[in-house]
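Here the structure is laid out as C-alpha coordinates; the discussion comes afterwards.
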Amino acid sequence: MTRIGSDISLVRVGDLWGHGPALLDTLHAQGLEGVNIRTLTDLSPTLDRGELDAFRRRADELGMYVEMGVGKINPYMTAELPEVRALGDGDFIAGMERMFAACAEMGWSTLWTACAGVKEYAAPYDTDRARREAPWPDQLRAISSLVDKLLPALRHYDLVLGIETHEEITTRELLRIVEGADDPHVGICLDPANPIARGEDPRAAVERVAPHVVSTQLRDIRVHPSPEGNGLTRFLRPCGEGQLDWDEILGIILAANPALNLTIEGVGGWSGRSDVPIADPFWVGLHPELDDADLDALHALAASSARAAADGSGPSFSDLDVFLPDQRTTHDAFVARSASHLRSVLAERAASVPSR
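Just so we're aligned: the sequence shown equals residues 1 to 356 in UniProt numbering.
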(Lines of atoms letter the chains of each structure in order from A; the text may use other names.)
(Lines give C-alpha, C1' and ligand atoms only; values in the text may rest on other atoms or scores of the structure.)
Protein backbone atom coordinates (compact mmCIF):
# COMPACT_ATOMS: atom_id res chain seq x y z
CA MET A 1 0.00 0.00 0.00
CA THR A 2 1.33 3.41 -0.98
CA ARG A 3 1.17 5.84 1.95
CA ILE A 4 1.63 9.61 2.00
CA GLY A 5 3.50 11.45 4.74
CA SER A 6 5.51 14.56 5.55
CA ASP A 7 9.17 15.36 6.03
CA ILE A 8 9.81 17.32 9.23
CA SER A 9 13.04 19.09 10.18
CA LEU A 10 12.65 19.94 13.85
CA VAL A 11 16.08 21.49 14.19
CA ARG A 12 15.32 23.90 11.33
CA VAL A 13 11.86 25.05 12.34
CA GLY A 14 11.46 23.99 15.98
CA ASP A 15 8.53 22.12 17.45
CA LEU A 16 5.87 23.83 15.35
CA TRP A 17 3.87 20.59 15.23
CA GLY A 18 4.60 19.41 18.76
CA HIS A 19 7.40 17.13 19.90
CA GLY A 20 7.63 13.36 20.07
CA PRO A 21 4.26 11.59 20.01
CA ALA A 22 2.43 14.94 19.83
CA LEU A 23 4.03 15.54 16.42
CA LEU A 24 2.55 12.28 15.15
CA ASP A 25 -0.88 13.23 16.50
CA THR A 26 -0.70 16.53 14.61
CA LEU A 27 0.26 14.91 11.32
CA HIS A 28 -2.31 12.14 11.70
CA ALA A 29 -5.02 14.73 12.31
CA GLN A 30 -4.01 16.31 9.00
CA GLY A 31 -4.68 13.01 7.23
CA LEU A 32 -1.03 12.05 6.81
CA GLU A 33 0.12 8.46 7.10
CA GLY A 34 3.79 8.79 7.96
CA VAL A 35 6.79 10.97 8.64
CA ASN A 36 10.45 11.36 7.82
CA ILE A 37 12.27 13.03 10.70
CA ARG A 38 15.25 14.80 9.19
CA THR A 39 17.68 13.75 11.92
CA LEU A 40 17.22 11.21 14.70
CA THR A 41 18.86 13.57 17.19
CA ASP A 42 15.97 15.99 16.59
CA LEU A 43 13.83 13.53 18.54
CA SER A 44 16.40 12.77 21.22
CA PRO A 45 19.91 14.27 21.23
CA THR A 46 21.15 11.41 23.42
CA LEU A 47 19.15 8.67 21.65
CA ASP A 48 17.24 8.06 24.86
CA ARG A 49 15.46 4.77 24.25
CA GLY A 50 12.48 5.80 26.37
CA GLU A 51 11.86 8.89 24.23
CA LEU A 52 12.36 6.99 20.99
CA ASP A 53 10.17 4.09 22.08
CA ALA A 54 7.34 6.46 23.01
CA PHE A 55 7.51 7.85 19.47
CA ARG A 56 7.61 4.35 17.99
CA ARG A 57 4.63 3.14 20.03
CA ARG A 58 2.49 6.12 19.02
CA ALA A 59 3.37 5.67 15.35
CA ASP A 60 2.36 2.01 15.60
CA GLU A 61 -0.92 2.93 17.31
CA LEU A 62 -1.73 5.39 14.53
CA GLY A 63 -0.57 3.06 11.75
CA MET A 64 2.02 5.58 10.54
CA TYR A 65 5.31 4.81 8.85
CA VAL A 66 8.51 6.33 10.22
CA GLU A 67 11.60 7.01 8.13
CA MET A 68 14.57 8.54 9.88
CA GLY A 69 17.39 10.90 8.92
CA VAL A 70 20.88 10.19 10.22
CA GLY A 71 22.86 13.28 9.19
CA LYS A 72 25.03 13.89 6.13
CA ILE A 73 27.73 11.66 4.64
CA ASN A 74 30.25 14.19 3.31
CA PRO A 75 33.48 14.04 5.36
CA TYR A 76 34.30 17.58 4.20
CA MET A 77 31.35 19.03 6.11
CA THR A 78 31.05 16.85 9.22
CA ALA A 79 32.00 19.89 11.32
CA GLU A 80 28.45 21.08 10.58
CA LEU A 81 27.15 17.99 12.42
CA PRO A 82 28.74 18.14 15.89
CA GLU A 83 25.79 16.26 17.38
CA VAL A 84 26.68 13.15 15.36
CA ARG A 85 30.32 13.27 16.38
CA ALA A 86 29.25 13.77 20.00
CA LEU A 87 27.21 10.57 19.86
CA GLY A 88 30.42 8.76 18.96
CA ASP A 89 32.46 10.46 21.70
CA GLY A 90 34.49 12.19 19.00
CA ASP A 91 34.20 9.43 16.37
CA PHE A 92 31.79 10.47 13.59
CA ILE A 93 31.38 6.96 12.19
CA ALA A 94 30.69 5.59 15.67
CA GLY A 95 28.02 8.27 16.05
CA MET A 96 26.39 7.18 12.81
CA GLU A 97 26.56 3.55 13.87
CA ARG A 98 24.88 4.34 17.18
CA MET A 99 22.05 6.01 15.30
CA PHE A 100 21.80 2.91 13.09
CA ALA A 101 21.53 0.72 16.20
CA ALA A 102 18.79 2.89 17.68
CA CYS A 103 16.81 2.91 14.43
CA ALA A 104 17.11 -0.87 14.15
CA GLU A 105 15.81 -1.29 17.70
CA MET A 106 12.78 0.84 16.83
CA GLY A 107 12.14 -0.95 13.55
CA TRP A 108 12.86 2.14 11.45
CA SER A 109 14.61 0.48 8.54
CA THR A 110 14.63 3.26 5.91
CA LEU A 111 17.15 6.02 6.60
CA TRP A 112 17.67 9.40 4.96
CA THR A 113 20.92 11.19 4.22
CA ALA A 114 22.42 13.68 1.78
CA CYS A 115 25.86 14.64 0.51
CA ALA A 116 25.85 18.27 1.72
CA GLY A 117 23.55 21.14 2.64
CA VAL A 118 22.35 24.31 0.96
CA LYS A 119 24.25 27.40 2.12
CA GLU A 120 23.13 31.00 2.51
CA TYR A 121 25.41 32.30 -0.25
CA ALA A 122 24.41 33.35 -3.76
CA ALA A 123 24.76 30.81 -6.57
CA PRO A 124 27.02 29.17 -7.50
CA TYR A 125 28.38 29.22 -3.95
CA ASP A 126 25.09 28.05 -2.43
CA THR A 127 26.27 24.44 -2.24
CA ASP A 128 29.50 22.70 -1.25
CA ARG A 129 30.02 21.78 -4.87
CA ALA A 130 31.61 25.20 -5.47
CA ARG A 131 34.18 25.03 -2.65
CA ARG A 132 37.51 25.78 -4.31
CA GLU A 133 39.56 24.63 -1.30
CA ALA A 134 37.81 21.25 -1.47
CA PRO A 135 37.25 20.34 -5.14
CA TRP A 136 34.02 18.49 -5.75
CA PRO A 137 35.71 15.37 -7.20
CA ASP A 138 37.65 15.04 -3.94
CA GLN A 139 34.41 15.35 -1.98
CA LEU A 140 32.76 12.66 -4.12
CA ARG A 141 35.62 10.25 -3.48
CA ALA A 142 35.41 10.94 0.26
CA ILE A 143 31.64 10.39 0.23
CA SER A 144 32.04 7.03 -1.52
CA SER A 145 34.71 6.03 0.97
CA LEU A 146 32.46 6.91 3.92
CA VAL A 147 29.57 4.93 2.42
CA ASP A 148 31.88 1.91 2.20
CA LYS A 149 32.82 2.35 5.87
CA LEU A 150 29.17 2.53 6.91
CA LEU A 151 28.11 -0.53 4.91
CA PRO A 152 29.07 -3.17 7.51
CA ALA A 153 26.78 -1.57 10.10
CA LEU A 154 23.97 -1.10 7.57
CA ARG A 155 24.21 -4.79 6.70
CA HIS A 156 24.42 -5.85 10.34
CA TYR A 157 21.25 -3.97 11.27
CA ASP A 158 19.55 -4.63 7.90
CA LEU A 159 18.90 -0.95 7.19
CA VAL A 160 18.73 0.86 3.86
CA LEU A 161 20.36 4.27 3.50
CA GLY A 162 18.63 6.50 0.97
CA ILE A 163 20.94 9.24 -0.34
CA GLU A 164 18.92 12.22 -1.55
CA THR A 165 19.05 13.72 -5.02
CA HIS A 166 20.03 16.92 -3.22
CA GLU A 167 20.92 20.30 -4.75
CA GLU A 168 24.70 19.79 -4.69
CA ILE A 169 24.95 16.49 -6.59
CA THR A 170 23.93 15.34 -10.06
CA THR A 171 21.96 12.15 -10.47
CA ARG A 172 24.77 10.70 -12.56
CA GLU A 173 27.24 11.27 -9.72
CA LEU A 174 24.82 9.84 -7.19
CA LEU A 175 24.28 6.76 -9.31
CA ARG A 176 28.03 6.15 -9.40
CA ILE A 177 28.13 6.25 -5.59
CA VAL A 178 25.16 3.89 -5.22
CA GLU A 179 26.20 1.51 -7.97
CA GLY A 180 29.76 1.58 -6.66
CA ALA A 181 28.49 0.38 -3.28
CA ASP A 182 26.59 -2.35 -5.16
CA ASP A 183 24.57 -3.28 -2.11
CA PRO A 184 20.80 -3.25 -1.46
CA HIS A 185 21.46 -1.42 1.82
CA VAL A 186 22.37 1.75 -0.13
CA GLY A 187 19.79 3.44 -2.34
CA ILE A 188 18.41 6.81 -3.39
CA CYS A 189 15.91 9.21 -1.84
CA LEU A 190 14.22 10.97 -4.76
CA ASP A 191 13.50 14.67 -4.70
CA PRO A 192 12.50 15.43 -8.31
CA ALA A 193 12.75 19.19 -7.74
CA ASN A 194 16.48 19.21 -7.04
CA PRO A 195 18.22 17.94 -10.22
CA ILE A 196 17.23 21.22 -11.88
CA ALA A 197 19.78 22.98 -9.65
CA ARG A 198 22.46 20.95 -11.42
CA GLY A 199 21.15 21.58 -14.92
CA GLU A 200 19.30 18.28 -15.25
CA ASP A 201 15.91 17.60 -16.83
CA PRO A 202 13.74 16.35 -13.93
CA ARG A 203 11.99 13.73 -16.04
CA ALA A 204 15.25 12.24 -17.27
CA ALA A 205 16.65 12.35 -13.74
CA VAL A 206 13.68 10.42 -12.35
CA GLU A 207 14.02 7.74 -15.01
CA ARG A 208 17.76 7.51 -14.34
CA VAL A 209 17.52 6.86 -10.61
CA ALA A 210 14.17 5.01 -10.40
CA PRO A 211 15.58 1.48 -10.01
CA HIS A 212 17.41 2.57 -6.85
CA VAL A 213 14.73 4.76 -5.21
CA VAL A 214 13.93 3.65 -1.65
CA SER A 215 12.32 6.84 -0.30
CA THR A 216 11.08 10.23 -1.46
CA GLN A 217 11.05 13.97 -0.70
CA LEU A 218 8.37 15.24 -3.07
CA ARG A 219 7.52 18.75 -4.25
CA ASP A 220 6.80 20.43 -7.57
CA ILE A 221 8.67 23.17 -9.43
CA ARG A 222 8.30 26.24 -11.56
CA VAL A 223 11.29 27.19 -13.69
CA HIS A 224 11.52 30.82 -14.84
CA PRO A 225 14.16 32.73 -16.78
CA SER A 226 16.29 34.57 -14.24
CA PRO A 227 15.68 38.34 -14.22
CA GLU A 228 19.43 38.94 -14.52
CA GLY A 229 19.40 37.12 -17.85
CA ASN A 230 22.23 34.75 -16.95
CA GLY A 231 20.30 31.58 -16.36
CA LEU A 232 17.24 30.05 -14.77
CA THR A 233 15.50 30.17 -11.41
CA ARG A 234 13.69 27.27 -9.79
CA PHE A 235 10.83 27.83 -7.37
CA LEU A 236 9.26 25.09 -5.25
CA ARG A 237 5.52 24.48 -5.50
CA PRO A 238 3.02 22.02 -4.01
CA CYS A 239 2.71 18.82 -6.01
CA GLY A 240 0.27 19.41 -8.85
CA GLU A 241 0.78 23.18 -8.93
CA GLY A 242 3.97 23.24 -10.95
CA GLN A 243 5.42 21.74 -14.10
CA LEU A 244 6.10 18.14 -13.13
CA ASP A 245 3.93 15.35 -14.52
CA TRP A 246 2.98 13.43 -11.39
CA ASP A 247 1.17 10.64 -13.19
CA GLU A 248 4.37 9.99 -15.10
CA ILE A 249 6.66 10.33 -12.05
CA LEU A 250 4.56 8.04 -9.87
CA GLY A 251 4.25 5.56 -12.71
CA ILE A 252 8.03 5.39 -13.06
CA ILE A 253 8.96 5.11 -9.39
CA LEU A 254 6.10 2.85 -8.28
CA ALA A 255 6.79 0.46 -11.13
CA ALA A 256 10.28 0.06 -9.69
CA ASN A 257 9.16 -0.02 -6.03
CA PRO A 258 5.39 -0.54 -5.55
CA ALA A 259 5.65 -0.29 -1.74
CA LEU A 260 7.36 3.09 -1.83
CA ASN A 261 6.16 5.69 0.68
CA LEU A 262 5.43 9.13 -0.78
CA THR A 263 6.91 11.67 1.62
CA ILE A 264 6.27 15.35 0.90
CA GLU A 265 8.98 17.87 1.74
CA GLY A 266 6.89 20.89 2.57
CA VAL A 267 8.02 24.47 2.16
CA GLY A 268 6.82 27.07 4.63
CA GLY A 269 7.44 30.80 4.65
CA TRP A 270 9.73 30.97 1.63
CA SER A 271 9.65 30.30 -2.08
CA GLY A 272 12.28 27.60 -2.41
CA ARG A 273 14.12 29.82 -4.87
CA SER A 274 17.29 28.36 -6.35
CA ASP A 275 19.21 30.26 -9.02
CA VAL A 276 20.83 28.17 -11.74
CA PRO A 277 23.39 30.41 -13.52
CA ILE A 278 23.90 28.23 -16.57
CA ALA A 279 25.66 31.05 -18.47
CA ASP A 280 28.30 31.53 -15.74
CA PRO A 281 31.61 29.98 -16.88
CA PHE A 282 32.52 29.03 -13.31
CA TRP A 283 29.18 27.26 -12.82
CA VAL A 284 29.56 25.49 -16.16
CA GLY A 285 33.04 24.35 -15.15
CA LEU A 286 31.56 22.69 -12.08
CA HIS A 287 29.40 20.47 -14.32
CA PRO A 288 31.61 18.46 -16.70
CA GLU A 289 28.68 16.22 -17.66
CA LEU A 290 26.26 18.97 -18.69
CA ASP A 291 23.94 17.58 -21.32
CA ASP A 292 22.45 19.70 -24.11
CA ALA A 293 19.20 17.72 -24.05
CA ASP A 294 18.82 18.44 -20.32
CA LEU A 295 19.44 22.14 -20.84
CA ASP A 296 17.00 22.25 -23.74
CA ALA A 297 14.33 20.69 -21.50
CA LEU A 298 14.96 23.28 -18.77
CA HIS A 299 14.83 26.16 -21.25
CA ALA A 300 11.50 24.78 -22.48
CA LEU A 301 10.16 24.79 -18.91
CA ALA A 302 11.32 28.38 -18.43
CA ALA A 303 9.78 29.49 -21.72
CA SER A 304 6.50 27.83 -20.77
CA SER A 305 6.48 29.66 -17.41
CA ALA A 306 7.22 32.97 -19.13
CA ARG A 307 4.34 32.49 -21.58
CA ALA A 308 1.95 31.52 -18.80
CA ALA A 309 2.95 34.56 -16.76
CA ALA A 310 2.47 36.82 -19.78
CA ASP A 311 -1.05 35.60 -20.55
CA GLY A 312 -2.10 35.33 -16.90
CA SER A 313 -2.52 31.56 -16.86
CA GLY A 314 0.40 31.01 -14.51
CA PRO A 315 2.37 32.78 -11.77
CA SER A 316 5.00 35.36 -12.64
CA PHE A 317 8.51 35.48 -11.20
CA SER A 318 7.46 38.17 -8.72
CA ASP A 319 4.37 36.18 -7.72
CA LEU A 320 6.62 33.32 -6.67
CA ASP A 321 9.57 35.22 -5.21
CA VAL A 322 7.89 36.03 -1.91
CA PHE A 323 8.33 35.32 1.78
CA LEU A 324 5.30 34.63 3.96
CA PRO A 325 5.40 35.18 7.73
CA ASP A 326 3.46 32.19 9.05
CA GLN A 327 5.76 29.23 8.50
CA ARG A 328 3.51 26.59 10.07
CA THR A 329 0.39 27.62 8.15
CA THR A 330 2.13 27.89 4.78
CA HIS A 331 4.01 24.62 5.31
CA ASP A 332 0.82 22.75 6.24
CA ALA A 333 -1.03 24.18 3.24
CA PHE A 334 1.85 23.13 0.96
CA VAL A 335 1.74 19.58 2.32
CA ALA A 336 -2.06 19.34 2.27
CA ARG A 337 -2.33 20.49 -1.34
CA SER A 338 0.48 18.14 -2.34
CA ALA A 339 -1.11 15.19 -0.56
CA SER A 340 -4.48 15.90 -2.17
CA HIS A 341 -2.96 15.91 -5.62
CA LEU A 342 -0.90 12.77 -5.06
CA ARG A 343 -3.98 10.92 -3.77
CA SER A 344 -5.93 12.05 -6.81
CA VAL A 345 -3.23 10.76 -9.15
CA LEU A 346 -3.03 7.45 -7.28
CA ALA A 347 -6.81 7.05 -7.45
CA GLU A 348 -6.88 7.77 -11.19
CA ARG A 349 -4.08 5.29 -11.76
CA ALA A 350 -5.90 2.63 -9.74
CA ALA A 351 -9.14 3.25 -11.63
CA SER A 352 -7.37 2.85 -14.96
CA VAL A 353 -6.15 -0.66 -14.12
CA PRO A 354 -8.44 -3.19 -15.85
CA SER A 355 -10.34 -5.44 -13.44
CA ARG A 356 -9.65 -9.14 -13.74
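Glycine included, C-beta positions come from ideal geometry on N, C-alpha and C.
Taking the beta strand (DSSP E) that residue i falls in, what are its first and last residues?
i: I188; result: V186 to L190
i: P225; result: D220 to P225
i: L262; result: L262 to I264
i: residue 361; result: Nothing can be reported for residue 361: it is not among the residues displayed for the chain, which extend from 1 to 356.
Since I believe residue j is in contact with residue i (beta carbons under 8 Å), could you give me their beta-carbon distance rounded to a whole number of angstroms?
i: L111; j: V160; result: 7 Å
i: T165; j: D191; result: 5 Å
i: I8; j: L342; result: At roughly 17 Å, the Cβ-Cβ gap does not stay under 8 Å, so I8 and L342 are not in contact.
i: A197; j: E167; result: 4 Å
i: M96; j: G71; result: 7 Å
i: G162; j: V214; result: 4 Å
i: P124; j: F282; result: 6 Å
i: M68; j: A116; result: So it is not a contact: roughly 19 Å between Cβ atoms.
i: T2; j: L346; result: 6 Å
i: V178; j: I73; result: Not a contact, Cβ separation roughly 12 Å.
i: L150; j: I93; result: 7 Å
i: G31; j: N261; result: The Cβ separation is near 15 Å, so there is no contact.
i: N230; j: P277; result: 5 Å
What residues match up with residue i in a beta bridge as DSSP calls it?
i: Y65; result: G34
i: residue 357; result: Residue 357 falls outside the range modelled here, since the chain spans only 1 to 356, and no answer is possible.
i: residue 358; result: Missing from the structure shown is residue 358; the chain here goes from 1 to 356 and no further.
i: F235; result: R222
i: T110; result: V160
i: I278; result: DSSP output for I278 lists no bridge partner at all.
i: V70; result: T39
Any idea if residue i is buried or exposed, counting beta-carbon neighbours within 10 angstroms, 16 or more meaning buried?
i: S6; result: buried
i: D326; result: exposed
i: S220; result: Note that residue 220 corresponds to Asp in the displayed sequence, not to Ser. Buried: at least 16 other Cβ atoms inside 10 Å.
i: A300; result: exposed
i: H28; result: buried
i: G90; result: exposed
i: S145; result: exposed
i: Q139; result: buried
i: F55; result: buried
i: G242; result: buried
i: R141; result: exposed
i: V322; result: exposed
i: D275; result: buried
i: E248; result: exposed
i: R132; result: exposed
i: P315; result: buried
i: R307; result: exposed
i: V66; result: buried
Mind checking which residues open and close the alpha helix (DSSP H) that includes residue i?
i: E168; result: No alpha helix (DSSP H) contains E168, which DSSP labels as neither H nor E.
i: W246; result: W246 to A256
i: E207; result: P202 to V209
i: V84; result: P82 to L87
i: S318; result: F317 to L320
i: S313; result: First-last for S313: undefined, no H or E at that position.
i: A29; result: P21 to A29
Apart from the five residues just before and just after residue i, which ones in its own chain have a Cβ nearer than 6 Å to its Cβ?
i: R98; result: L87
i: L10; result: D42
i: R335; result: In the sequence as presented, Arg is not what sits at residue 335; that position holds Val. Same-chain partners within the cutoff: S6, I264 and G266.
i: A114; result: K72, E164 and H166
Just to confirm my understanding: we take residue i, look at its own chain, exclude 5 residues before and 5 after, and list those with CB closer than 8 Å. What are they?
i: A205; result: T165, T171, P192 and P195
i: A302; result: V223, H224, P225 and L232
i: T26; result: W17 and G18
i: D158; result: A104, S109 and H185
i: I252; result: V206, E207 and A210
i: S338; result: L218, R219, D220, P238, C239, G240, I264 and G266
i: G269; result: F323, L324, P325, D326, Q327, T330 and H331
Between residue i and chain D, is the shortest Cβ-Cβ distance under 8 Å, so that the two count as touching?
i: T165; result: Any reference to chain D falls outside this structure, which holds one protein chain only.
So, at 7 Å on beta carbons, what are the nonlocal neighbours of residue i in its own chain, with the 5 sequence-adjacent residues on each side left out?
i: L52; result: L43, S44, A102 and M106
i: E265; result: D7, D191, Q217, L218 and R219
i: V118; result: D126, T127 and E167
i: R200; result: For the record, residue 200 in the displayed sequence is Glu; it is not Arg. Excluding sequence neighbours, E200 sits near T170, T171 and D294.
i: I188; result: G162, I163, T165, L174, V178, V209, H212, V213 and V214
i: S313; result: none
i: L244; result: P192, P202, D220 and I221
Sorry if obvious, but does the Cβ on residue i come closer than 7 Å to a heavy atom of the ligand GDP?
i: R141; result: Of ligands this structure carries none, so the ligand GDP is not represented either.
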